[in-house]
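Engineer: Encoded as structure tokens, here's the structure I'll be asking about.
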Amino acid sequence: PIRNELEILMAEEGLDFLTLVDRLGTVVFRFHNPPASGDNLLNDPFIKSALEKKEISGTQVLSGDELSKEGRSLTQKAAIQSIPVPKEKPIRKIEETSGMVLKSAHPILDFNGEILGVLTGGVLLNRNYEIVDRIKNIVFKDAKYKGKEIGTATIFLGDLRISTNVIDKEGNRAIGTRASREVYEHVLGKGLPWIQRAFVVDDWYITAYEPIRDVQDKIVGMLYVGMLESKYALMKEKLILLFFFFSMSGMLIALTVSFILSYMMLKKRV
Numbered sequence: 005p006i007r008n009e010l011e012i013l014m015a016e017e018g019l020d021f022l023t024l025v026d027r028l029g030t031v032v033f034r035f036h037n038p039p040a041s042g043d044n045l046l047n048d049p050f051i052k053s054a055l056e057k058k059e060i061s062g063t064q065v066l067s068g069d070e071l072s073k074e075g076r077s078l079t080q081k082a083a084i085q086s087i088p089v090p091k092e093k094p095i096r097k098i099e100e101t102s103g104m105v106l107k108s109a110h111p112i113l114d115f116n117g118e119i120l121g122v123l124t125g126g127v128l129l130n131r132n133y134e135i136v137d138r139i140k141n142i143v144f145k146d147a148k149y150k151g152k153e154i155g156t157a158t159i160f161l162g163d164l165r166i167s168t169n170v171i172d173k174e175g176n177r178a179i180g181t182r183a184s185r186e187v188y189e190h191v192l193g194k195g196l197p198w199i200q201r202a203f204v205v206d207d208w209y210i211t212a213y214e215p216i217r218d219v220q221d222k223i224v225g226m227l228y229v230g231m232l233e234s235k236y237a238l239m240k241e242k243l244i245l246l247f248f249f250f251s252m253s254g255m256l257i258a259l260t261v262s263f264i265l266s267y268m269m270l271k272k273r274v
């Protein structure tokens, strides 16, 4: 019955993995990969915190080996081939096998409040588009300019796009492309937000990048939201033209009124 309830929980929450650990940190059961058990997770900061009776949630990067223990399907989903793009920071790594996950760990207590173990689970963000598409729909409402999305959002593992709605020239999501060198150095190197124009895959955008940190405060990636610069420039031009129109209209009205008043005063004198 407990397993059935947990399977329902996994389905409702859309969890990619769910693992039961005993009070010593040893894996008792992996729901997506039952044969893989017996390893110890005491070095995992999520497990360590939950065994101290503290619930914890956050971001974590799991290696390919760690993902394979949770299920082979996660390993396949996480693997991303690197695709060269202009202005990126050169890198030798051709394939990324690690995965970024959103993860929670909850202590399991007996009736006396003593720790029995930990239940931990999470969602793999590699090729998971729910968050980035929700951001785009809320902020930009699916607006387009010359057939191209005006607004885009991306989750990066390091400088690698693992979840995005930026579209490449072939019409595919630009998974496997990397951030520009200047963004890499500013956000990942210095840990600072980037809020200015940046080259994104094949075009210029007005952008905002924010470092993503894990529960140990290590920078593991970036969250990006951007607006197509050409559309922004067009809006800027329209505002300038509109301002010029109203300025010229104001001048013409002022000149007309001045002429009428002068004419009326001159007529009275005559």
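Each residue of the sequence shown is one higher than the last, beginning at 5 in the working numbering. Even for Gly, the Cβ is constructed at its ideal location relative to N, Cα and C. These numbers come from a predicted model, not from an experiment.
#1: Of all the options G103, V187, R165 and N44, which has the alpha carbon lying nearest to the alpha carbon of I87?
#2: Once DSSP output is grouped into helix, strand and coil, what is the label at E74?
#3: Of the residues I51, K52 and T30, which one's Cα is nearest the Cα of D43?
#4: Going by CA-CA distance only, name the one from V32, E17, E99 and Q64 that's closest to Q80.
#5: Look up H110 in the DSSP assignment and give the residues it is bridged to.
#6: Please state whether DSSP places Q80 in a helix, a strand or coil.
#7: If you drop the 5 nearest sequence neighbours on each side, which residues of the same chain put their C-beta closer than 7 angstroms to that of Q171?
#8: Quick check on L24: buried or exposed, where buried means 16 or more other Cβ atoms within 10 Å of its Cβ?
#9: Taking only three categories from DSSP, how would you classify A15?
#10: Cα separation between N116 and R27?
#11: Which whole-angstrom value describes the C-beta separation of V143 and G155, a residue pair presumed to lie in contact below a C-beta threshold of 8 angstroms?
#12: Who does F21 pair with in a DSSP beta bridge?
#13: Output the boundary residues of the beta strand (DSSP E) element that contains F203.
#14: Would you mind sorting D163 into buried or exposed? The rule is 16 or more other CB atoms within 10 Å of its CB.
#15: Whole-angstrom Cβ separation of G2 and L22, contact assumed at under 8 angstroms?
#16: For S108 versus S167, is the C-beta distance shorter than 7 angstroms?
#17: Should S67 go down as buried or exposed, given a rule of 16 or more other Cβ atoms within 10 Å for buried?
#18: I'd like the span of the beta strand (DSSP E) that includes V229, first residue to last.
#19: Our contact map puts L128 next to A157 with C-beta atoms below 8 angstroms; I'd like the distance itself, whole angstroms only.
#20: Check each candidate in E134, P38, V219 and W208 and name the one with the smallest Cα separation from E59.
#21: With burial defined as no fewer than 16 other Cβ atoms inside 10 Å of the residue's Cβ, what is the status of D20: buried or exposed?
#22: Please state if the CB of M231 and the CB of V191 are separated by a distance shorter than 7 angstroms.
#23: Less than 6 angstroms between C-beta atoms, sequence neighbours within five positions excluded: which residues of the same chain meet that for I199?
#24: Would you give the residue range spanned by the beta strand (DSSP E) that R34 belongs to?
#25: Starting from A54, trace the alpha helix (DSSP H) in both directions and tell me its first and last residue.
Structural biologist: Per the coordinate set shown:
#1: Closest by alpha carbon: R165.
#2: helix
#3: T30
#4: Taking Q80 as reference, the option from V32, E17, E99 and Q64 with the minimal CA-CA separation is E99.
#5: In DSSP, H110 forms a bridge with L123.
#6: In the structure shown, Q80 sits in a helix (DSSP, three-state: H, G or I).
#7: Strictly speaking, residue 171 in this sequence is Ile, with Gln absent from that position. In the same chain as I171, and ignoring 5 residues on each side of it, the C-beta atoms closer than 7 angstroms to its own belong to E153, R177 and A178, in chain order.
#8: buried
#9: Residue state, collapsed to three classes: helix.
#10: 15 angstroms
#11: Right, the Cβ-Cβ distance comes to about 6 angstroms (below 8 angstroms), so this counts as a contact.
#12: G126
#13: Start and end: W198 to V204.
#14: buried
#15: Any question about residue 2 goes unanswered here, given that the chain covers just 5 to 274.
#16: Not closer than 7 angstroms, so no.
#17: Exposed: under 16 other Cβ atoms inside 10 Å.
#18: I223 to L232
#19: Actually they are not in contact, since the Cβ atoms of L128 and A157 sit about 18 angstroms apart, beyond 8 angstroms.
#20: Of the candidates E134, P38, V219 and W208, the one whose C-alpha sits nearest the C-alpha of E59 is V219.
#21: buried
#22: It is not a contact, given that the beta carbons lie outside the stated cut-off.
#23: Hits under 6 angstroms: A212.
#24: Segment V31 to R34, the beta strand (DSSP E) holding R34.
#25: P49 to L55
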